[in-house]
Amino acid sequence: MFVDEVTIKVRGGVGGSGSDAFRRESFVPRGGPAGGDGGAGGSVILEVDEQLSTLMDFRYRAEYRAERGQHGQGKSRTGRGGENLVLKVPPGTEVHDADSGEYLGELLEDGERFVAARGGRGGRGNIHFTSATNQAPRTWEPGGEGEERTVRLTLKLMADVGLVGEPNAGKSTLISALSAAKPKVADYPFTTLSPNLGVVTLSGFRSFVLADIPGIIEGAHEGKGLGHQFLRHIERTRTLAILVPVTEPDPLETYERLRRELRQYSPELADRPHCLVLTKVDLLGPDESPPELEAAEAWGVFAISSVSRSGLDALQEGLWKIVVETRDREGSSVSRTREAADAADQPQSAATGEAPGDSADPEDEDEWWGADPL
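Letter by letter, the sequence shown follows residues 1 to 374 in my numbering.
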């Protein structure tokens, strides 16, 4: 089952309480204080696992709590800290505060971590409360409560190429022809009810990832049909392939209609590099040929048949070329960003908006939480 949005409650573990133990020693009142501090509670951490492609594991459990810290012990021994609870999520997961809607961060790379709820501090033992007038204090602190938060996890699939088209345009047939993915294929609209990913492998150890989403109908940007629900899964793609069957009465009008829906949903998505793919050319008569269309904004026009495999090689090579170009541009952009950050005297922290080392108030630290890995 494909699940791309869940809401869960996360709680950091409670910190262990301090101890009011005393050691036994001659000529020392009550042996002297020897109560250790409590251990800190564990934190709830989200971690990317590239083997996952859905949030299904969270569907049947709504609350997650990390282990509490152990209480302090005698002989000034600190209690053991609670173990962190690590929750695995697929790459492309966005995190929002479910109550306020605040965007908290996203997890993209394998192994990347995000602290969703920090554990409570351990309480201090009585060794911290001696004074000139009280050499045998019975005072100790309870452990602090862990952070508690309700978060909404939203998955946006990570792919190089997004397949866009109306229902029954041949998207699932194409992804099954180009990759090892086996989506449901049938001759009726809305066969695809959830996104599919497929890896296209070419000669020379080259490969890229395709994403197939449910068909888009007119009014999808307003929530009509299934396409709007899944359009976010192609927001991170490098290029789009807009599929239009050659059997359409006016293929160019269908292409323009899909472009309008994309633009009304997201202008940035609509401006992404794209190609026009005319599908089902095997349905043309023996004396018919694919229409020669000029899509001014498309970087290429291809006529293919996923059944006879006509035109697939040219399409694969064309998609690979544009994927490589966009990867190179993104790499150059990242390099320039890193160089600028290295040249800055005090680079700001992405999590706090402050320079490293600033605002080191320990009283405020317990209120802070975010994408800082433990």
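Every residue gets a Cβ at the ideal spot worked out from N, C-alpha and C, and that includes glycine.
query: To the nearest angstrom, how far is it from the Cα of Gly18 to the Cα of Ile45?
result: 26 angstroms
query: Between the segment 5–19 and the segment 158–169, are three or more C-beta pairs nearer than 8 angstroms?
result: no
Beta-carbon proximity list for Arg206, same chain, < 8 angstroms, skipping 5 on both sides: Trp320
task: Using three-state DSSP, classify Thr239 as helix, strand or coil.
output: strand
task: Count the other CB atoms, across all protein chains shown, that sit within 10 Å of the CB of Lys171; report buried if there are 16 or more and exposed otherwise.
output: buried
query: By a C-beta neighbour count over all protein chains shown, 10 Å radius and 16 as the cutoff for buried, is Lys75 buried or exposed?
result: exposed
task: Answer with buried or exposed for Gly225, where buried requires no fewer than 16 other C-beta atoms within 10 angstroms of its C-beta.
output: Residue placement at Gly225 is poorly supported in this model, since its pLDDT is 48, which falls under 50; the coordinates are not used for a value here.
- prompt: If we count the other Cβ atoms within 10 Å of its Cβ and call it buried at 16 or more, is Gly179 buried or exposed?
  reply: Reading off the sequence shown, one finds Ser at residue 179, where the question assumed Gly. By the 10 Å Cβ count, Ser179 comes out buried.
- request: Identify which residue in Gly35, Pro33, Leu197 and Gly318 has its Cα closest to the Cα of Thr54.
  value: Leu197
field: Between the CA atoms of His274 and Ser289 - distance to the nearest angstrom
entry: 23 angstroms
field: Own chain partners of Ala298 with C-beta closer than 7 angstroms, once the 5 adjacent residues on each side are dropped
entry: His274, Cys275 and Leu276
task: Tell whether a beta-carbon distance below 8 angstroms holds between Gly92 and Asp37.
output: no
- prompt: What number of angstroms, rounded off, separates the C-alpha of Ala340 from the C-alpha of Thr326?
  reply: Low confidence applies here, because Ala340 scores a pLDDT of 46, under 50, leaving its location unreliable; read the following figure in that light. Their Cα atoms are separated by approximately 21 angstroms.
- request: Just grab the DSSP bridge partners of Tyr64 for me.
  value: Val10
- request: Using the Cα positions of Asp4 and Tyr60, report the straight-line distance between them to the nearest angstrom.
  value: 14 angstroms
message: Please report the straight-line C-alpha distance between Gly82 and Glu148, rounded to a whole angstrom.
response: 16 angstroms
query: With C-beta atoms as the reference, is Gly39 less than 8 angstroms away from Gly122?
result: yes
query: Shorter than 8 angstroms from the beta carbon of Gly32 to some beta carbon of chain B?
result: Any reference to chain B falls outside this structure, which holds one protein chain only.
query: Do Gly79 and Gly41 have their CB atoms nearer than 8 angstroms?
result: no
field: Three-way DSSP call (helix, strand, coil) for Asn126 in this model
entry: helix
field: Secondary structure, beta strand (DSSP E): runs of 3+ residues fully inside the segment 49–123
entry: 63–65, 85–89, 93–97, 103–107 and 113–117
- prompt: Should Asp271 go down as buried or exposed, given a rule of 16 or more other Cβ atoms within 10 Å for buried?
  reply: exposed
- prompt: How should Glu50 be labelled, buried or exposed, when 16 other C-beta atoms within 10 angstroms of its C-beta is the threshold for buried?
  reply: exposed
field: Cβ-based burial, Gln135 [other Cβ within 10 Å; buried from 16]
entry: exposed
- prompt: Which term fits Ser43, buried or exposed, when burial requires 16 or more other beta carbons within 10 angstroms of its beta carbon?
  reply: buried
field: Whether Leu262 touches Val200 by CB criterion (8 angstroms)
entry: no
- prompt: What is the rounded straight-line gap between the Cα of Ala98 and the Cα of Ser305?
  reply: 45 angstroms
message: Residues in the same chain with beta-carbon distance under 7 angstroms from Ile127, minus the five sequence neighbours each way, listed in chain order, please.
response: Pro33, Ala34, Gly35 and Ser76
task: List the residues that DSSP assigns as beta-bridge partners of Pro196.
output: The residue asked about is misnamed: residue 196 is Asn in this sequence, not Pro. Partner(s): Asp212.
- request: Quick one: residues in its chain with C-beta nearer than 6 angstroms to the C-beta of Glu67, no 5 flanking neighbours on either side, listed in chain order?
  value: Gly13, Gly42, Gly82 and Glu83
- prompt: Based on the DSSP output, what are the partners of Pro33 in its beta bridges?
  reply: Phe22
task: Measure the CB-CB distance between Val86 and Leu107 and report whether it falls below 8 angstroms.
output: no
task: Measure the C-alpha to C-alpha separation of Pro137 and Asp57 and round it to an integer number of angstroms.
output: 49 angstroms
message: Please report the distance separating the alpha-carbon of Ser100 from that of Asn168.
response: 39 angstroms
- request: Please go through the same chain and pick out, in chain order, the residues whose beta-carbon is closer than 8 angstroms to the beta-carbon of Asp110, but skip the five residues on each side of it.
  value: Val48, Asp49, Glu50 and Pro91
query: Measuring CA to CA, which of Ile242, Ala211 and Gly204 is closest to Pro195?
result: Ala211
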